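These protein sequence lines map, in sequence, to chains A and B. Numbering-wise (full-length UniProt numbering), the first sequence opens with residue 1 and increments by one. Numbering-wise (full-length UniProt numbering), the second sequence opens with residue 1 and increments by one. Ideal Cβ positions, reconstructed from N, Cα and C, are used throughout, including at glycine. No experiment lies behind these values; they were computed from the predicted model shown. Please read the structure below before turning to the comments.
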Amino acid sequence: MVRFKNRYVLCEVLSEDPRCRQCIEDRAVGLAVRDAIARAHGDYGLGCCCVSFTGMKYLNAYTGTVLLRCRKDFQRLLSSALPLVRHLEGRGQRFPCALRTLHVGGTIRTCQKFLIQYNRRQLLLLLRSCTNEEERRSVRQAVLSCSLTEEQAQSGEEEEEDGTETD
Amino acid sequence: VAVHLRVYPSTGCAHPCPHHCQSVRTRCQSWVVLRKKFVLFRHIFVGYSAVALNHIIDFKEKKQEIAKPVSPSELFPSLPIVQGTSKRLKVLTRLTLVVSDPSHCNLLRSTSTNIRLYDIIAVFPKTEKLFHIACTTLDVDLVCINVTEKLPFYFRRPPVNMAIDRGIYFELLYTPAIKDSTMRRYTISNAISLMQICKGKNIVISSAAERPLELRGPYDVANLGLLFGLSEGEAKAAVSTNCRATILHGETRKSACGVVYTVKKLHKVEEEETVPACKKAKTQA
């Protein structure tokens, strides 16, 4: 069967600066990743990985989750260049950041399933560090509403990660 | 005192592998600063199961005293829980000796210093002779490979094979590769020359992060290993099983004094024969 096989790499953007979250957008992350590939693998790498790389497939600015796509044969080039991303540029500002690979899947659906499980685990960790009873209730509700349904494209990502993560 | 943080990941990343390992270095002026940085490290520690605090001792400067390692429980009152299990992050202590002269190695042989209190001991040889000594006779767990400049010597097979037999691991750093393009070239060239000799065995990939954002997750570090010429399985092992073996090596070095080996001869009836204590460094799990 003739089909283009892709690999979808799910990453999380980590940064110290809380303002960096606002600046996570499609173009900025794409430019940063392309720059890292160019630095690591040169023109050959850039050419290979950008065959089907037109934009992010999914971006969540609240949790900093990014889904990238590349051809199956060049997934190693992309994966080995992702740790080299150091800055994110947007709106004229540079924020130091790091990308952490969470999951590599063959389809968007498998990445979505992984993301739901991962978010559920993160929510449970947040529940442990909750101080307020209201926060606790809202987190529990969010955990219960995690599901993969046909109508919605993304489910179960209404948690607030910014407030309780930093100590 | 330059302090290093060594991080060992655990399951919880995309491809669950037991005991992922990573070494992280931070340069801190004081322990208070280290505690603050540790808090920032927290969200990156997801996927890690143990951390080691590292001291670098450089003998080029005037002779320094090796202080007793600070107990981790004093520094970090609350450690995060390892993802996927219910145990807390393990904090170990580690010492790195930068040796450029054979007389510096005498410190390792003396038994009355505080060296015995560290969990892991690493040595950073600067010359070919010292590399040979470190691989064959020195009682260490790790041999650090210089990645920030061109190696002054070529690796040869005999000392490297002896080190592999003894259970000593070679350590490569990856944070210089993240930071700077020239360092990246040196890192890759040194790593590949090591790979050609040792065929990817006994490699540990660690970080020398000075800031929390220079740390990378376990899966990413394994991917960086691909850049260094390791195969996929070897890269994952460099991040997981090899590091656990190093911790065990350090533990046995600390606790084991010797081995008494008795052999019964079949032909004669005689007393037991004891072979003098020999430290077998390789731990068979």
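One finds 40 and 80 in chain A with Cβ atoms closer than 8 Å to the Cβ of residue 227 (chain B), taken in chain order.
Contacts between residue 97 (chain A) and chain B, judged by CB atoms closer than 7 Å, involve 213 in chain order. In the DSSP assignment, residue 148 (chain B) is bridged to no other residue. With its beta carbon less than 9 Å from one in chain A, residue 184 (chain B) belongs to the interface. Between the alpha carbons of residue 53 (chain A) and residue 122 (chain B) lies a distance of about 43 Å. A Cβ-Cβ distance of about 13 Å is found for the pair residue 100 (chain A) and residue 178 (chain B), leaving them out of contact under the 8 Å criterion. Rounded to the nearest angstrom, the gap between the Cα atoms of residue 55 (chain B) and residue 102 (chain B) is 20 Å. For the region 51-75 of chain A, the set of positions with a beta-carbon nearer than 7 Å to some beta-carbon of chain B is empty. Among the residues of the region 112-139 of chain B, none has a Cβ less than 7 Å away from any Cβ of chain A. Assigned with DSSP and collapsed to three states, residue 23 (chain A) falls in coil, not helix or strand. Taking a C-beta cut-off of 7 Å against chain A, the contacting residues of the region 174-208 of chain B are 178 and 181, listed in chain order. Rounded to the nearest angstrom, the Cβ distance from residue 169 (chain B) to residue 241 (chain B) is 11 Å, too far for a contact under 8 Å.
Secondary structure in the region 147-203 of chain B: the beta strand (DSSP E) runs of 3 residues or longer, each lying completely within the stretch, are 169-173 in chain order. Cβ-Cβ distances below 7 Å link residue 23 (chain A) to 88, 90, 91, 93 and 95 in the same chain, with the five nearest sequence neighbours on each side left out; the list follows chain order. A direct Cα-Cα distance of roughly 55 Å separates residue 175 (chain B) from residue 265 (chain B).
Short of 8 Å from the beta carbon of residue 108 (chain A), and not among the five residues preceding or following it, lie these beta carbons of its own chain, in chain order: 8, 57, 58 and 67. Interface with chain B (9 Å Cβ-Cβ cutoff): residue 101 (chain A) is included. Counting along the chain, residue 89 (chain A) sits inside the beta strand (DSSP E) bounded by residues 87-90. Judged by beta-carbon spacing, residue 132 (chain B) lies beyond the 9 Å limit of residue 152 (chain B), meaning their Cβ atoms are not closer than that value. With its beta carbon at least 9 Å from every one in chain B, residue 136 (chain A) lies outside the interface.
Between residue 103 (chain A) and residue 116 (chain A), the alpha-carbon positions lie close to 12 Å from each other. In the three-state DSSP reduction, residue 103 (chain B) falls in the helix class (H, G or I). Residue state for residue 119 (chain B) is assigned as coil, using DSSP reduced to three classes. Taking 9 Å as the cut-off, the beta carbon of residue 195 (chain B) is found closer than this to the beta carbon of residue 230 (chain B). Contact annotation: residue 70 (chain A) and residue 6 (chain A) have beta-carbon atoms nearer than 9 Å.
If the five residues before and after residue 40 (chain A) are omitted, its C-beta is found closer than 6 Å to the C-beta atoms of 81 and 84, all from its own chain and listed in chain order. Residue 112 (chain A) counts as buried, since at least 16 other C-beta atoms from the protein chains shown sit within 10 angstroms of its C-beta.
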